[in-house]
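Have a look at the structure below, then the notes.
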Amino acid sequence: MIRKISDIFKAKKRTYSFEYFPPKSAEGVKKLYETIAELNKLGPDFASVTYGAGGATRGTTLEICAEIQKRFDLTCMHHFTCVGHSQAELKSILDQMKQNNIRNVLALRGDPPKGVEKWETSPDGFEYCYQLCDLIRSYGDFFSIGVAGFPEGHIDCPNKETDSKYLKIKIEHGGEFVVTQLFFDNSIYFEYLERLKKIGVNARVLPGILPITSYQGLIKFCNTCGATIPQKVHDIFKPLDGNDEATYKAGVDFAVKQCQELLDGGAPGLHFFTLNKVNPTKDIWERLKK
Ligand SMILES: Cc1cc2nc3c(=O)[nH]c(=O)nc-3n(C[C@H](O)[C@H](O)[C@H](O)COP(=O)(O)OP(=O)(O)OC[C@H]3O[C@@H](n4cnc5c(N)ncnc54)[C@H](O)[C@@H]3O)c2cc1C
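Read left to right, the sequence shown gives residues 832 to 1121 (my numbering).
Quick look at the structure:
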C-alpha cells in the first residue's frame, strides 16, 4: 500500500529505507528494477530516488518513483531540488507527482551544477530549501516532507549550531523528518540529535548509511560533500586500496558495526545509500539485529 512516510512513522518505531539513483540508460533502468526486486525481499518500509543536479536524468526520477510504487507496491520518496527551476516549474512537477500518487518528497535546495562554484538562485526560483517546503505545503497534507540534515554542518555553513537553526526553520516550514548526510563516527550523529533536541527539534532523524566499497571513491565523495573521514576509516581502508574484495568485506564489516551501534543507541531506523547495488546493503542487512 502506498502511504505517506509520516503515516508509516505512526505505525513503526523504526523504518528501513533504500535510496536509488536514476540510471542514464534504458538498460540501466531495467537493471535497477531487478536490483529493487532483490532488495525488496528484505522488506524495506520505503524507497527513495535522487534528483540529478545536471538535469539529464531528472525526468526519470518521477517515472522511476511511479513505477516502483506500481510494480512493487512500495512507497517511494521523490528527491526534489530547486536547482535550475522557476517556482512555476517546481509547481508543475509537484502537480505531476500528485497525479502519480507520489506522496513523499525529500525537499532539497540542491548543489550548484558541475563547473559552477557558488550557488546561484534561478530566476523566479528559490534560494533555500525552506521555501520549497512552503510550496510543497501549499498542497495541504497531500505530501509528507523530508529534509536533509548535516550532522557535521553543511559545507557552506559557518558552524554546526547555525546549521541546526536552519534545519529548525525547514521543519517549521513543513519538513516532517530528516535524512542525514553520511557520517562514519556515530558520536557525530548522537551529538547532532542532542543539539537539535536543545533547540526544540523532535522530528525523526534517519541516519544515512553509505557502505564503503572503494577507498578512492570515498575520498572523492567526501571532498565534495564535506563529510569527515575519521582516522580509523583511513587506517582500515587505505592499506586495502586497490583490493576490491578485501575493501568490500571490510566495508560490510564496518557498516554492520556502525548500524548496530546506531540501532542499539536508539536511532529510529536506517536509510541506506544503496548505490543501485544489491550486495552491500543485503549483506549488511542480514547481519543486523533489528
Ligand atoms: C539525504 C540526502 C539526500 C540528497 N539528495 C540529493 C539529490 O537527490 N539531488 C541533489 O542534487 N542533491 C541531493 N542532496 C544534496 C543537497 O542538495 C546539498 O547538500 C545542498 O547543498 C543542500 O541542500 P539543503 O536542502 O540542505 O539546502 P538548504 O537547507 O537550503 O541549505 C543550503 C545552504 O544554505 C544555508 N541555509 C539554509 N537555510 C538558511 C536560511 N534560512 N538562511 C540562511 N542560510 C540558510 C545552509 O546552512 C546551507 O549552507 C542530498 C543530501 C542529503 C543529505
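Just so you know, even glycine gets a beta-carbon here, dropped at the ideal spot from N, CA and C.
On a predicted model such as this, the values are computed, not experimentally measured, just so you know.
With a threshold of 8 Å on Cβ separation, who are the neighbours of residue 866 within its own chain once the five nearest residues in sequence on each side are excluded? 851, 1105, 1107, 1108 and 1109
Assuming residue 863 is part of the alpha helix (DSSP H), what are its boundary residues? 857–871
Considering only the beta carbon of each residue, do residue 1060 and residue 1103 sit closer than 8 Å? no
Cβ of residue 988 versus every heavy atom of ligand 1: is any distance shorter than 7 Å? Yes, ligand 1 has a heavy atom inside 7 Å of this Cβ.
Please say whether residue 953 and residue 917 have beta carbons closer to each other than 8 Å? Yes, Cβ-Cβ distance for residue 917 and residue 953 is below 8 Å.
Output the distance between the C-alpha atoms of residue 887 and residue 881, rounded to the nearest integer angstrom. 12 Å
Would you check whether ligand 1 has a heavy atom nearer than 7 Å to the C-beta of residue 946? Checking every heavy atom of ligand 1 against the Cβ of residue 946, none is found closer than 7 Å.
Could you compute how far the alpha carbon of residue 995 sits from the alpha carbon of residue 1097? 20 Å
Buried or exposed: which applies to residue 1056, given that a residue is buried once 16 or more other Cβ atoms fall within 10 Å of its Cβ? Per the 10 Å Cβ criterion, exposed.
So, under 8 Å CB-CB, residue 912 and residue 940 are touching, yes? Tell me the CB distance rounded to an integer number of Å. Rounded, the Cβ-Cβ distance is 6 Å, consistent with contact.
Would you kindly report the start and end of the unbroken beta strand (DSSP E) that includes residue 912? 907–912
Which word fits residue 928, buried or exposed, when buried means at least 16 other C-beta atoms lie within 10 angstroms of its C-beta? Burial call: buried.
How should residue 932 be labelled, buried or exposed, when 16 other C-beta atoms within 10 angstroms of its C-beta is the threshold for buried? exposed
Here's the rule: buried if 16 or more other CB atoms are within 10 angstroms of the residue's CB, otherwise exposed. What is residue 936? Buried is the call here.
Cα separation between residue 973 and residue 1079? 41 Å
When you compare the region 1026–1039 with the region 1069–1084, are there three or more beta-carbon pairs, one atom per stretch, that lie closer than 8 Å? no
Going by beta carbon distance, what residues of the same chain come within less than 8 Å of residue 1120, once the five residues before and after it are set aside? 1091 and 1094
Which whole-angstrom value describes the C-beta separation of residue 878 and residue 899, a residue pair presumed to lie in contact below a C-beta threshold of 8 Å? Yes, residue 878 and residue 899 are in contact; Cβ-Cβ is about 5 Å, under 8 Å.
Contact check, residue 1009 vs residue 1031, beta carbons under 8 Å: No; because the gap between Cβ atoms is not below 8 Å, this pair is not in contact.
Who are the Cβ neighbours of residue 1042 in its own chain at under 7 Å, not counting the five residues just before and after it? 1082, 1083, 1086, 1111, 1112 and 1115
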